[in-house]
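K.L.:
Count the sequence shown with my numbering and you get residues 66 to 150, in order. To start, I am sharing the structure in question, which I have written as structure tokens.
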Amino acid sequence: LFDALTMAELQLPVVTSTSGKDTFNAEWLAPYRKPIIIIPDEDEEDTAFDLAKNLGWRGQVLLMDYPDGKKDVNGFLEADKEAEP
């Protein structure tokens, strides 16, 4: 959920489930006929690729190079705040 809030703060459209990575249903995105980029947490790449497969041509996985000690998109925000003087 914090990853989705971080993306929303950056004014990027985002969807997520509130019950964990294995609960997102590709059918929820059926009305959207455009590419859908999935950004998995570290070590959750398999789930992301499964979701992309279920989305067909629309599903794309973007693997991020997370900062040391961080495991998700929110980690970039945390790392930035830690770097502030």
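Glycine included, every Cβ here is placed at the ideal spot set by N, Cα and C.
(1) Is it a yes or a no for the region 122-136 touching the region 86-105, going by three-plus beta-carbon pairs under 8 Å?
(2) Can you round the beta-carbon distance between THR88 and ASP68 to whole angstroms, since I take them to be within the 8 Å contact cut?
(3) Who does GLN125 pair with in a DSSP beta bridge?
(4) Between which two residues does the alpha helix (DSSP H) carrying GLY140 extend?
(5) Going by DSSP in three states, LYS136 sits in which element: helix, strand or coil?
P.N.:
According to the structure data:
(1) yes
(2) At roughly 15 Å, the Cβ-Cβ gap does not stay under 8 Å, so THR88 and ASP68 are not in contact.
(3) ILE102
(4) 139-148
(5) coil
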